[in-house]
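Trainee: Position 125 of the sequence shown, counting from 1, maps to 389 under our numbering, and the rest follow consecutively. Sending over a structure as structure tokens; questions will come in a sec.
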Amino acid sequence: MLVEILKIKYPLIYALLFISLLACEDKEVAPKPQPLPENSAELVTLLESTEDNSFKLEIYWALYKQSRATNEDLALSYLDKQADLAVELENDLLLGKANFGRALINSRNSDYVKAVDYYLTSISSFDKINEVKLAASALSNLGDIFATTGNYEYAEKFFYKAYQTHLNSGDPTRQIIATLNLGICNFFKKDPDFNKAERFFQKALELAGTIEDKQDYYFNRIYNQIGTVKYLQTDYKAAIHNYQLSLEYLGTGEKVEEKQAIAYANIGEAYMDQGNYSEAQRWLEKSLELSSYIKDNLVLVDIHNMTAELFQVQGDHQQATVYLEKAIDVADKDVINESLQETIDLIRVSYKFLQNSGKPVGVAKYETAFSIDGMQDSLEEELLEKANFKSLQAALGLSIELDNQIKEKKAEVEQRELISNIALSLGILLIIAAILGFIYTVNYRRTKRNRDEWKDVCLEVRDVLESIPN
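Structure follows, in structure tokens:
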């Protein structure tokens, strides 16, 4: 994936790409090793033959893992059975895992309302049995959802709570991931704090120096993050220096050439914004020479966009369209694709310039650009109808408020605690029902210049989140 390294123009997509790989530590709750067969058919046979309900819970989890990549509906059915049986057996660990798995699948399908509800429920289960690491993973994934939607202020709250947990875990790898996520939030939020972001990245560098496994992997990404901070501060010399440092930690194995291509493109773009067009072209050409090694189409689209911009700023719109049309050819058009949307914005500029310069552009090319733009609009509207982010934030804030109220009353009698938990469950259900009703009233219009500007949640909910103790 493009993720970690390539710094591009739109903060939302950059953070989305990076965090999708790292924010959730493992992106999975790893169960304890069980002596279970790896073949699905054998697992089903074992499930049908055993009368041990506790063992069935483990088999359901194993079947979920076997099917999640190829058949999500089947995977969810196993999780549903696991959750029902876990409730019956009062097994909070396997109930928490079932809800965690449900949340993962719904999050991958952009059904964030359901994902948030399941993550909150899983945290409740993990808290009961003091599974702090698993609860931290769920908190981190909640942060991932908000970062994915561009709400970095909210994401930071959850990443920080996960970070606090990992500080006491003795696990430097999880601490590295947590500090990276916090750094990203701090330089992409509405009021960026570049100094704070860099402090987190420096802390990540210190932690990376203490590990042996995947050390180059993390050094490479951390230096790219520092380069991005410097780039956003228009300190292009420092940005180039850190991007070049990242090249010293490419490591070995898969995607080495892709990492090189991304770093070269970052360096080229920094030179371009510095006004050194000859150096920019040299580095971008080095990046394009590695195109055959790049498996992620998003990477190719961004590199072609950068190269096209270089020609645009020099007035060569004819050559710019060559790279932009290549970007359109390789781009994935069936998903929301911010890089492709940038391509369409850039190509409109070049087409208009050529038209005004007496170099007419074919009607078919205009039609292609307009058609792709319309498809992207439709995909974004569909996403927002599926998960209205303002309502999502409100649901999360209110759920946390209810949860905090319950925790405050834990010192009181057991009966009152039980009533509070029932109130929380009903409250979450009512909140989700209200969200689903509100979703159908959404009337969203994307603006080209600010794609990552989502509606702010109401002041009351913001106050709730800000009141979460650090």
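Where is the CB? At the ideal position from N, CA and C, for every residue including glycine.
Can you tell me whether F634 is buried or exposed? The criterion is at least 16 other CB atoms within 10 Å of its CB, across all chains shown.
Mentor: By 1-based counting over the sequence shown, the position of residue 634 is 370. Exposed, since its Cβ has fewer than 16 Cβ neighbours within 10 Å.
Trainee: Can you find a CB in chain D that lies within less than 8 Å of the CB of Q545?
Mentor: The structure shown contains no chain D, having only a single protein chain.
Trainee: Are the segment 350-359 and the segment 367-374 touching, with three or more C-beta to C-beta distances below 8 Å?
Mentor: No contact exists between the segment 350-359 and the segment 367-374.
Trainee: My guess is that S614 and Q640 are in contact by the Cβ rule of under 8 Å, so how many angstroms apart are they, rounded?
Mentor: Counting from one through the sequence shown, the residue named residue 614 turns up at place 350. Counting from one through the sequence shown, the residue named residue 640 turns up at place 376. With 8 Å as the limit, S614 and Q640 do not qualify as a contact, their Cβ atoms being about 19 Å apart.
Trainee: Nearest to Q538 by alpha carbon, out of T571, A305, N620 and Y495?
Mentor: In the sequence shown, counting from the first residue as 1, residue 538 sits at position 274. Selected option, being the one with the closest Cα: Y495.
Trainee: Could you check how far apart the C-beta atoms of A525 and Y482 are, in whole angstroms? I think they sit under 8 Å.
Mentor: Your numbering for residue 525 matches position 261 in the sequence shown. Your numbering for residue 482 matches position 218 in the sequence shown. Wrong, their Cβ atoms sit about 20 Å apart, outside the cutoff.
Trainee: In three-state DSSP terms, what is G407?
Mentor: Start at 1 with the first residue of the sequence shown, and residue 407 comes out as number 143. The answer is helix: DSSP assigns G407 an H, G or I state.
Trainee: For the segment 597-615 against the segment 381-393, are there 3 or more C-beta pairs whose distance is under 8 Å?
Mentor: Short answer: they don't touch.
Trainee: State the Cα-Cα distance for the pair N445 and F423, rounded to the nearest angstrom.
Mentor: As a position in the sequence shown, residue 445 is number 181, starting the count at 1. As a position in the sequence shown, residue 423 is number 159, starting the count at 1. About 7 Å.
Trainee: Any idea what DSSP makes of T413, helix, strand or coil?
Mentor: Start at 1 with the first residue of the sequence shown, and residue 413 comes out as number 149. Here T413 sits in coil by DSSP.
Trainee: With the cut-off set at 8 Å, would you say T429 and K397 are in Cβ contact?
Mentor: The count along the sequence shown starts at 1 and reaches residue 429 at position 165. The count along the sequence shown starts at 1 and reaches residue 397 at position 133. Going by C-beta atoms, T429 is nearer than 8 Å to K397.
Trainee: Pick from G579, Y535 and K361: whose alpha carbon is nearest that of K329?
Mentor: As a position in the sequence shown, residue 329 is number 65, starting the count at 1. Checking every option, the nearest Cα to that of K329 belongs to K361.
Trainee: Tell me whether L343 is buried or exposed, calling it buried when 16 or more other Cβ atoms sit within 10 Å of its Cβ.
Mentor: The residue labelled residue 343 in the question sits at position 79 within the sequence shown. By the 10 Å Cβ count, L343 comes out buried.
Trainee: Please name the residue, chosen from F451, Q497 and K629, that lies closest to F464 on a Cα-to-Cα basis.
Mentor: For the purposes of this step, residue 464 is identified with residue 200 of the sequence shown, where counting begins at 1. Checking every option, the nearest Cα to that of F464 belongs to F451.
Trainee: Can you give the Cα-Cα distance for S751 and L327, rounded to whole angstroms?
Mentor: Beyond the ends of the chain as shown, which are 265 and 734, falls residue 751; an answer cannot be given.
Trainee: Taking the beta carbon of T705 as the centre, do at least 16 other beta carbons fall within 10 Å, making it buried, or is it exposed?
Mentor: Stepping through the sequence shown from its first residue, residue 705 is reached at position 441. Here the model assigns T705 a pLDDT of 36, short of 50, so the residue's position is not dependable, and the following value carries that caveat. T705 should be labelled exposed.
Trainee: Considering only their Cβ atoms, is the gap separating A461 from A442 smaller than 8 Å?
Mentor: By 1-based counting over the sequence shown, the position of residue 442 is 178. By 1-based counting over the sequence shown, the position of residue 461 is 197. Cβ atoms of A442 and A461: not closer than 8 Å.
Trainee: For A419 and A411, which I take to be in contact (beta-carbon distance under 8 Å), what is that distance rounded to the nearest angstrom?
Mentor: Taking the sequence shown and counting its residues from 1, the one referred to as residue 419 is at position 155. Taking the sequence shown and counting its residues from 1, the one referred to as residue 411 is at position 147. Their Cβ separation, rounded to whole angstroms, is 4 Å, which keeps A419 and A411 in contact under 8 Å.
Trainee: Just to confirm my understanding: we take I323, look at its own chain, exclude 5 residues before and 5 after, and list those with CB closer than 7 Å. What are they?
Mentor: As a working mapping, residue 323 is identified with position 59 in the sequence shown. Result list for I323: L300, L307, L310 and L311, in chain order.
Trainee: Here's the rule I'm using: 16 or more other beta-carbon atoms within 10 Å means buried, otherwise exposed. How should V377 be labelled?
Mentor: For the purposes of this step, residue 377 is taken as the residue at position 113 of the sequence shown. That one is buried.
Trainee: In angstroms with no decimal places, state the Cα-to-Cα distance between I600 and H505.
Mentor: Here residue 600 corresponds to residue number 336 of the sequence shown, with the count starting at 1. Here residue 505 corresponds to residue number 241 of the sequence shown, with the count starting at 1. Cα to Cα, the separation comes out at about 33 Å.
Trainee: Going by beta carbon distance, what residues of the same chain come within less than 7 Å of L359, once the five residues before and after it are set aside?
Mentor: Position 95 of the sequence shown, counted from the start, is the residue given in the question as residue 359. Same-chain partners within the cutoff: A347, A350, V351 and S389.
Trainee: Under 8 Å by Cβ, that's how I've got S510 and G532 pegged, so tell me the actual separation to the nearest angstrom.
Mentor: Taking the first residue of the sequence shown as position 1, residue 510 is located at position 246. Taking the first residue of the sequence shown as position 1, residue 532 is located at position 268. The Cβ separation is near 14 Å, so there is no contact.
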